[in-house]
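Working notes, beginning with the structure itself.
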Ligand SMILES: [Zn+2]
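In this note's numbering, the protein residues as written are 18 to 164.
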């Protein structure tokens, strides 16, 4: 049995997803949230979407795997925020990846690899430009996201 993810943690994830959606002007998307079972890759968050329908569902685990090193609330705020940011970056690239997957003869794994290289740049270069994110990363109780 792994660690349970509390409602407060899930609610914080939701809040940070909405925060990044706002920052990246993705408000035209209809978004939804749900609790998910952790997948075999160990990912505790995901984003499923329809670029045609302009909807996205952000998932967050109900329970973490037994080997997880996730710290206890509120020290995991930075990790939750990083997950939220990552998934919103996937949404930012949703239309592009949908086009790539449907119109070109490239494997989904190949598109996914290329997408994650862009996401890594967005995480390492772009995210630190947001002061609020830096506060969260330091584990400080940022006024903006404190609950
Ligand atoms: Zn990803």
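In this text, a Cβ means the ideal position worked out from N, Cα and C, and glycines have one as well.
Note that the structure is a prediction, hence the values are computed from the model and not measured.
Name, in chain order, the residues that DSSP records as bridge partners for residue i.
i, result
"residue 38", "Answer is none; residue 38 lacks a bridge partner."
"residue 48", "73"
"residue 21", "80"
"residue 53", "78"
"residue 67", "72"
The alpha helix (DSSP H) with residue i in it runs from where to where?
i, result
"residue 136", "125-138"
"residue 113", "111-120"
Can you check whether the CB of residue j is closer than 7 Å to the CB of residue i?
i, j, result
"residue 23", "residue 49", "no"
"residue 97", "residue 78", "no"
"residue 138", "residue 68", "no"
"residue 37", "residue 71", "no"
"residue 110", "residue 43", "no"
Starting from residue i and walking both ways along the beta strand (DSSP E), at which residues does that stretch end?
i, result
"residue 58", "Looking at the DSSP string, residue 58 is not in any beta strand (DSSP E), and its letter there is neither H nor E."
Identify, in the order they occur along the chain, each residue of the same chain with its Cβ nearer than 8 Å to the Cβ of residue i, setting aside the five sequence neighbours on each side.
i, result
"residue 34", "48, 50, 75, 101, 104, 105"
"residue 90", "23, 25, 26"
"residue 40", "147"
"residue 118", "125, 128"
Tell me which same chain residues have a C-beta within less than 6 Å of the C-beta of residue i, skipping the five on either side of it?
i, result
"residue 113", "none"
"residue 63", "76"
"residue 31", "50"
"residue 146", "none"
"residue 158", "Residue confidence for residue 158 is low, a pLDDT of 46 falling below 50, so the modelled location carries little weight; the figure read from the coordinates is stated next. So no residue of the chain qualifies."
In chain order, what residues of the same chain have a beta carbon less than 7 Å from the beta carbon of residue i, not counting five sequence neighbours either side?
i, result
"residue 135", "110"
"residue 87", "20, 81, 93, 96"
Please confirm whether any heavy atom of ligand 3 lies closer than 6 Å to the CB of residue i.
i, result
"residue 55", "Ligand 3 is absent from the structure shown, which contains only ligand 1."
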